[in-house]
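Since the structure comes first, as structure tokens, the remarks are kept for the end.
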Amino acid sequence: MFGSHLSIAGSMTNALDEAASLGMDCVQVFTKNQQQWKVRPLEDEAIRSWCERVEDLGWARATVSHASYLINLASPDDELWAKSIDLMQVEIERCATLGIPFLVHHPGAFTTSTREEGHERIVRAYVDLFGRTRGVPVVSCLENTVGSGSNMGRTFEELASLREAISTRTGAPERVGFCFDTCHAHAGGYDLSTLAGGEEVLDAFDATCGLSSIRVVHVNDSMGAVGSRKDRHAHIGEGTIGGGTSHRALSRSGFGPAVRRLSGVPKILETPKGETEKGTPFDRLNLNRLRKLA
123 MFGSHLSIAG
133 SMTNALDEAA
143 SLGMDCVQVF
153 TKNQQQWKVR
163 PLEDEAIRSW
173 CERVEDLGWA
183 RATVSHASYL
193 INLASPDDEL
203 WAKSIDLMQV
213 EIERCATLGI
223 PFLVHHPGAF
233 TTSTREEGHE
243 RIVRAYVDLF
253 GRTRGVPVVS
263 CLENTVGSGS
273 NMGRTFEELA
283 SLREAISTRT
293 GAPERVGFCF
303 DTCHAHAGGY
313 DLSTLAGGEE
323 VLDAFDATCG
333 LSSIRVVHVN
343 DSMGAVGSRK
353 DRHAHIGEGT
363 IGGGTSHRAL
373 SRSGFGPAVR
383 RLSGVPKILE
393 TPKGETEKGT
403 PFDRLNLNRL
413 RKLA
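Residue numbers (the numbering used here): 123 to 416.
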């Protein structure tokens, strides 16, 4: 199941139509302008059109939303923390309205506090959120990060600790899972540049977090070296993970295990947009490279 993060500019269904035209099986979108706190309510016609198109495509479990980057559930600033919880509630409710089953978000940054305090803020935020949205069948997916600055979620152990605490204190383990980003893992110190390395990284994730808890995969190559903490995505095979764009090179990298062992999970490209000199969309190019590994 392969797709990409696509724009809803002009119409919510534009992303679905573009994904289908590119031969994708899933899609990720922002359901709102991710750079703004203010949110316009979804119009009835937009909801109807989206839901009908999803049904036409048979994508009931193949749509993903990414939450706004403004949200920081780990913030020690009470005003920002409260605003973040409010906006995250909106994100969850919009997903529920549109029938989007998975909502990806970054855990947050503890900034001027401590990692332990950031951890507690995230958990408390979720207790509040799941109380406000009780019974909503949207899975919030904690995304692994490169760990730059005070950003949380780099290590698998920290992700596992967050999910366990959220599950225990909300009583809703089915509502929280993970998004595994290959670029973030690699730049965060988990070497995915070899086949053996990829297997070891997935084994490590399975031992700490459980592969079955991964609900979304972001499949991106990395411009930064392993452990660089640089969050810069590259085309598949053109970064420090793939080691080349040929099937042989890619099959010897960590992309192979990620594709095969997570076959039933939506795999979303967040690679650079545009097209080749011959007019081939980069998304189609990256999609073809990944599909050969399945």
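We treat Cβ as the ideally placed atom computed from N, Cα and C, and that holds for glycine.
Can you find at least 3 beta carbon pairs, one from the region 160 to 178 and one from the region 233 to 245, that sit closer than 8 Å? They do not touch, by the three-pair rule.
G378 and R337 closer than 8 Å at C-beta: No, they are not a contact pair.
Nearest-angstrom beta carbon gap, M274 and G240 [assumed within contact, 8 Å]: In this structure G240 touches M274 by the C-beta definition: roughly 6 Å separates them, less than 8 Å.
Leaving out five residues on either side along the sequence, give the residues of the same chain with a beta carbon under 6 Å from the beta carbon of H306. Leaving aside the five residues that flank H306 on each side, the residues in its chain whose CB is nearer than 6 Å to its CB run, in chain order, N266, T267, V268.
Take the Cβ of Y312 as the centre, count every other Cβ of all protein chains shown within 10 Å, and call the residue buried at 16 or more, exposed below. Around the beta carbon of Y312, 16 or more other beta carbons sit within 10 angstroms, so the residue counts as buried.
So, for I214: in the same chain, excluding its five sequence neighbours on each side, which residues have a beta-carbon less than 8 Å away from its beta-carbon? If we look at I214 and ignore the five residues flanking it on each side, its Cβ neighbours are L225, L251, T255, V258, V260, S262.
List the endpoints of the continuous beta strand (DSSP E) containing R337. 336 to 340 is the span of the beta strand (DSSP E), which, as asked, contains R337.
Can you grab the Cα-Cα spacing for the pair D343 / S373, in whole Å? Distance from the CA atom of D343 to the CA atom of S373, rounded to whole angstroms, is 14 Å.
Cβ-based neighbour list, S385, same chain, cut-off 8 Å, excluding 5 preceding and 5 following: Answer for S385: M123, A416, listed in chain order.
Where does S262 sit, in a helix, a strand or coil, going by DSSP? Correct three-state label for S262: strand.
Unbroken alpha helix (DSSP H) runs of length 4 or more, entirely within the region 129 to 188: which are they? Here the runs fully enclosed are 135 to 143, 166 to 179.
For E322, decide whether its Cβ has a neighbour in chain B, counting only Cβ atoms nearer than 8 Å. Within the model displayed, chain B is absent; a lone protein chain is all it includes.
Segment contact flag, the region 146 to 165 with the region 195 to 202, C-beta cutoff 8 Å, min 3 pairs: The region 146 to 165 makes no contact with the region 195 to 202; the number of CB pairs closer than 8 Å stays below 3.
Are there 16 or more other CB atoms within 10 angstroms of the CB of P295, so buried, or fewer, so exposed? Counting every other CB atom within 10 Å of its CB across the protein chains shown gives P295 a total below 16, marking it as exposed.
Less than 7 Å between C-beta atoms, sequence neighbours within five positions excluded: which residues of the same chain meet that for R291? Excluding residues within five positions, the ones whose Cβ falls inside 7 Å are V245, V249.
With the cut-off set at 8 Å, would you say V149 and S126 are in Cβ contact? Pairing V149 with S126 gives a Cβ-Cβ distance under 8 Å.
For E280 and K400, what's the separation of their Cα atoms in angstroms? So the two alpha carbons sit approximately 44 Å from each other.
Counting Cβ pairs closer than 8 Å, one from the region 134 to 150 and one from the region 179 to 186, do we hit at least three? Yes, the region 134 to 150 touches the region 179 to 186.
For A309 versus S335, is the C-beta spacing smaller than 8 Å? No, the pair does not count as a contact, with Cβ atoms beyond the cut-off.
Sorted by chain position, which residues of the same chain lie with C-beta nearer than 7 Å to I363's C-beta, five sequence neighbours on each side aside? Same-chain partners within the cutoff: T304, H308, L314, S315, D343, S344, S375, G376, F377.
Pick out whichever of C301, D353, V387, V323 has its Cα sitting closest to the Cα of A422. Residue 422 is absent from the structure shown; the chain starts at 123 and stops at 416.
Continuous alpha helix (DSSP H) stretch holding V226: start and end: No alpha helix (DSSP H) contains V226, which is instead part of the beta strand (DSSP E) from 224 to 227.
Measuring alpha carbon to alpha carbon, tell me which residue in L324, L407, L391, D405 is nearest A380. It is L324.
Determine the direct distance from the alpha carbon of G253 to that of A204, and round the result to whole angstroms. Straight-line Cα distance between these residues: approximately 15 Å.
Please state if the CB of T153 and the CB of S187 are separated by a distance shorter than 8 Å. Result yes, Cβ atoms of S187 and T153 sit closer than 8 Å.
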